[in-house]
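Residue numbers (our numbering), protein chains in the order written: chain C, 1 to 236; chain L, 1 to 236.
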């Protein structure tokens, strides 16, 4: 079931850039490594968030579903929750959130997760549209995303912070997903304003980076021309 | 004792660049993750190679020692050996070795280890000189390295291959250490000519990246000005 000091990652963000979007891990396999996480489905099928062991998908039509065990993913992060209270937060935009989560520093050299439960006066998310094989590249997919906005919504923002050194494997900095308590909105967070909430944090000393070595397209792909870091910067 | 599909890494190569050379893991702790590996000691104290569970250090005076359990390291790779025979190799320089290890491809998208046991008609290694706190940067240390050469020596070359995406965390490409059977030469491999030998390979699907989160210097360091990739390229 995983250990609380370990962040498990299946796939890398780099493999989404050229469109290596085959589902290479099942939800059942992923949930063996924790109860809290984020990810995306095969073909960038929606934005995933796992809370208290339950995997939710926010799709491009604005619907939230609970996922089945055989749902497959090209990329996901998961860990076993053991959050510690860090601070209360009021009137916070993404910048104020980041400063609070980093305890005033500008960056961190290790991986950590942040969970914010609270009342959001504004939430803006996106969910990408699933593509079928041959899969789109990340830039093409990003053009087809749906954008959702909501005011005054209660919910959970789940964030993973990755050190800059691992940019490409992960999103360097914060990667935020959201789920409303009433499931009225979810997805990859583009912007928000937190009216008031509680910020919990969990530090990891280990990244368990799992790669889809049985996927021939991944193993045979030449990443050298994909300009990974720039594309992730523009699209994530 | 580790699993045969996992490469365990303590620290990153990036932290050697600015001279974050404190020993943050003991040999006893490292050996819990495998029986085969490479690394360096606190202050870049020699070049390490672990074979069949025994940790050896090639120091800057050209001596080889067996290390004790309380020896500490800022950086190491280790795994549980389960090598498979890949090919016999004759008259091979580093380039021919790399082509054979990659089965003719120019790169790999996952981590793997290669072990070559054989007769080397030429071996050129280096071992760095230990620095004391305040530690030297990797570039300063590299200027003080000792170079060793030997002809017609039997021994084991142990290599780890890391995908380019992880350059900085590891050495992108091959990272080779060597130990002569008679312990007459060892260290970080700079050049070699293999007369004849057997090449064994072990593929990993998981990198277990462990970071020294209890080391304040590491956690507080700003890596953004260290030009990590370039320095590793020049010095490793």
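Where is the CB? At the ideal position from N, CA and C, for every residue including glycine.
Exercise. Along the chain, where does the alpha helix (DSSP H) that runs through residue 40 (chain L) open and close?
Worked result: In the DSSP assignment, residue 40 (chain L) falls outside any alpha helix (DSSP H) and within the unbroken beta strand (DSSP E) covering 36 to 40.
Exercise. Beta-carbon of residue 168 (chain L) versus every beta-carbon of chain C: anything under 7 Å?
Worked result: Contact of residue 168 (chain L) with chain C is assigned, a C-beta pair being separated by under 7 Å.
Problem set entry | For residue 51 (chain L) and residue 68 (chain L), the rounded distance between their alpha carbons | 14 Å
Exercise. Are the C-beta of residue 213 (chain C) and some C-beta of chain L separated by less than 7 Å?
Worked result: yes
Problem set entry | Length of the line joining the Cα atoms of residue 8 (chain L) and residue 160 (chain L) | 11 Å
Problem set entry | Sequence-distant residues of the same chain with beta carbon closer than 8 Å to residue 226 (chain C), five excluded per side | 14, 17, 18
Exercise. Of all the CB atoms in chain C, is at least one closer than 7 Å to the CB of residue 165 (chain L)?
Worked result: yes
Problem set entry | CB-CB length for residue 177 (chain L) against residue 158 (chain L), believed under 8 Å | 5 Å
Problem set entry | Unbroken beta strand (DSSP E) run spanning residue 64 (chain L), endpoints | 64 to 66
For this session: Using a cut-off of 9 Å between C-beta atoms, extract the partners of residue 218 (chain L) located in chain C.
Result: 109, 110
Exercise. Can you name, in chain order, every residue of its own chain whose Cβ lies under 7 Å from the Cβ of residue 121 (chain L), other than the five neighbours on each side?
Worked result: 151, 152, 193, 195
Exercise. Counting pairs of beta carbons, one from the region 29 to 40 of chain C and one from the region 92 to 109 of chain C, are three or more of them closer than 8 Å?
Worked result: no
For this session: Establish whether the CB of residue 208 (chain C) and some CB of chain L are separated by less than 7 Å.
Result: yes
Exercise. Looking at the C-beta of residue 14 (chain L), does it have a partner C-beta in chain C at a distance below 7 Å?
Worked result: yes
Exercise. Assuming residue 25 (chain L) and residue 44 (chain L) make a contact with CB atoms under 8 Å, what is their CB distance in whole Å?
Worked result: No, residue 25 (chain L) and residue 44 (chain L) are not in contact; Cβ-Cβ is about 15 Å, not under 8 Å.
Exercise. Relative to the alpha-carbon of residue 218 (chain C), which residue among C:135, C:202, C:165 has its alpha-carbon at the smallest distance?
Worked result: C:135
For this session: For the region 25 to 39 of chain C, enumerate the residues whose C-beta is nearer than 8 Å to any C-beta of chain L, in chain order.
Result: none
Problem set entry | Same chain, Cβ closer than 6 Å to residue 191 (chain L), neighbours up to 5 away in sequence not counted | 124
Problem set entry | Proximity below 7 Å, CB of residue 49 (chain C) to CB of residue 179 (chain C) | Taking 7 Å as the cut-off, the Cβ atoms of residue 49 (chain C) and residue 179 (chain C) count as close.
For this session: For residue 94 (chain L), name the three-state secondary structure that DSSP assigns.
Result: helix
For this session: Determine the direct distance from the alpha carbon of residue 235 (chain C) to that of residue 74 (chain L), and round the result to whole angstroms.
Result: 35 Å
For this session: On the DSSP bridge assignment, give the partners of residue 202 (chain C) in chain order.
Result: C:113
Problem set entry | Contacts that residue 221 (chain L) makes with chain C (C-beta to C-beta distance below 9 Å) | 109
For this session: Kindly indicate if chain C contains any beta-carbon less than 7 Å away from that of residue 205 (chain L).
Result: yes
For this session: In the DSSP assignment, find the unbroken alpha helix (DSSP H) run with residue 28 (chain L) in it and report its ends.
Result: For residue 28 (chain L), the enclosing alpha helix (DSSP H) stretches over residues 27 to 30.
Exercise. Using a Cβ-Cβ cut-off of 8 Å (strictly less than) and excluding sequence neighbours within five positions of residue 163 (chain C), which residues of its own chain qualify?
Worked result: Leaving aside the five residues that flank residue 163 (chain C) on each side, the residues in its chain whose CB is nearer than 8 Å to its CB run, in chain order, 107, 108, 109, 110, 111, 172.
Exercise. DSSP on residue 217 (chain L), reduced to helix/strand/coil?
Worked result: helix
Exercise. Can you tell which of L:142, L:85, L:148, L:149 has its C-alpha closest to the C-alpha of residue 200 (chain L)?
Worked result: L:85
Exercise. Does the distance from the C-beta atom of residue 129 (chain C) to that of residue 60 (chain C) stay below 7 Å?
Worked result: yes
Problem set entry | Bridge partner(s) assigned by DSSP for residue 22 (chain L) | Per DSSP, none; premise fails for residue 22 (chain L).
For this session: For residue 231 (chain C), I'd like the list of residues in its chain whose CB is within less than 7 Å of its CB, leaving aside the five on either flank, ordered along the chain.
Result: 17, 138, 139
For this session: Starting from residue 224 (chain C), find everything on chain L with Cβ-Cβ shorter than 8 Å and list it in chain order.
Result: 107, 164
Exercise. Ordered along the chain, which non-local residues of its own chain (more than five positions away) have a Cβ less than 7 Å from that of residue 6 (chain C)?
Worked result: 79, 204, 206, 208, listed in sequence order.
Problem set entry | Residues of its chain near residue 77 (chain L), where Cβ-Cβ distance is below 6 Å and the 5 sequence neighbours each way are ignored | 9, 37, 38, 160
Exercise. Which whole runs of the alpha helix (DSSP H) in the region 130 to 184 of chain L are 4 residues long or more, in chain order?
Worked result: 138 to 143
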